[in-house]
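Here the protein sequences line up with chains D and R, keeping their order. Residue numbers for the first sequence follow the working numbering, so the first one is 1 and each next one is one higher. Residue numbers for the second sequence follow the working numbering, so the first one is 1001 and each next one is one higher. The beta carbon of each residue, even a glycine, is placed where N, CA and C say it ideally should be. Only a predicted model underlies this, so the values are computations on that prediction, with no experimental measurement involved.
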Amino acid sequence: EADIYQTPRYLVIGTGKKITLECSQTMGHDKMYWYQQDPGMELHLIHYSYGVNSTEKGDLSSESTVSRIRTEHFPLTLESARPSHTSQYLCASSEVWDTQYFGPGTRLTVL
Amino acid sequence: EDKVVQSPLSLVVHEGDTVTLNCSYEVTNFRSLLWYKQEKKAPTFLFMLTSSGIEKKSGRLSSILDKKELSSILNITATQTGDSAIYLCAGRGGSEKLVFGKGTKLTVNP
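Have a look at this one:
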């Protein structure tokens, strides 16, 4: 069983606020990922990391930023939230690219 | 551009039925195809299929990769209400990133 955690699970926030979505894993995985998923739509990769001090942008353009200062921690930050950022954000980690273990997700609503 | 298409998008069956979910992929330098089950929360890993491992089985679930047709199926026999979920298919190619389909929403009624 994979141990990957996300907080908060639900967040409702007003436009213009700065938010940070937390993601932590206890498996020692080097690779970590952030996906965005809208209802009925595909998961889209927005950020990933090969390891500490490594961050890359994914296939879907996102106004968010990420950091990887510790192996177990991969937070995602939105400097100024907008209604278009309303979505579910899923964090994942893996040893290799294929078998990714997902966290429970954060459902973000920006009013 | 890499693409994964799943069908049907939605399926409603009765307990005990057998279902087949489909996934077709266009992935450059194909390396693997993965199936995930997504209930209310996180997707959970089911199977990974590669050129060297084209058939996997676990209990009532099984999956086959057809390299010629660039497709895969996920079979669930003797379905139970607990099988109700969204089933995601993802392909991995040379870019190493996973490309996901939209998923098939399966509802199993008692």
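- In this structure residue 1083 of chain R is buried. Its beta-carbon is surrounded by 16 or more other beta-carbon atoms within 10 angstroms.
- Cβ proximity to chain D below 8 Å picks out 1041, 1042, 1043, 1044, 1045 and 1048 from the stretch 1041-1065 of chain R.
- A direct Cα-to-Cα measurement between residue 16 of chain D and residue 63 of chain D gives close to 13 Å.
- Residue 1101 of chain R reaches chain D at 42, counting residues in chain order whose Cβ is nearer than 8 Å.
- At least 8 Å separates the beta-carbon of residue 1022 of chain R from that of residue 1093 of chain R.
- Under the criterion of beta carbons closer than 8 Å, residue 83 of chain D and residue 110 of chain D qualify as touching, at roughly 5 Å.
- In the structure shown, residue 15 of chain D falls within a coil segment according to DSSP collapsed to helix, strand and coil.
- Contact of residue 45 of chain D with chain R is assigned, a C-beta pair being separated by under 8 Å.
- Scanning chain R for C-beta atoms nearer than 9 Å to the C-beta of residue 102 of chain D yields 1036, 1038, 1041, 1042, 1043, 1044 and 1045, reported in chain order.
- Within chain R, the C-beta atoms nearer than 8 Å to that of residue 105 of chain D come from 1041 and 1042, in chain order.
- Under the three-state reduction of DSSP output, residue 1083 of chain R falls in the helix class.
- Residue 78 of chain D places its beta carbon 8 Å or farther from that of residue 58 of chain D.
- The C-beta distance from residue 1087 of chain R to residue 1070 of chain R rounds to 18 Å, too long to meet the 8 Å contact threshold.
- In this structure the stretch 1027-1042 of chain R lies against the stretch 99-107 of chain D, because at least three pairs of beta carbons, one per stretch, are closer than 8 Å.
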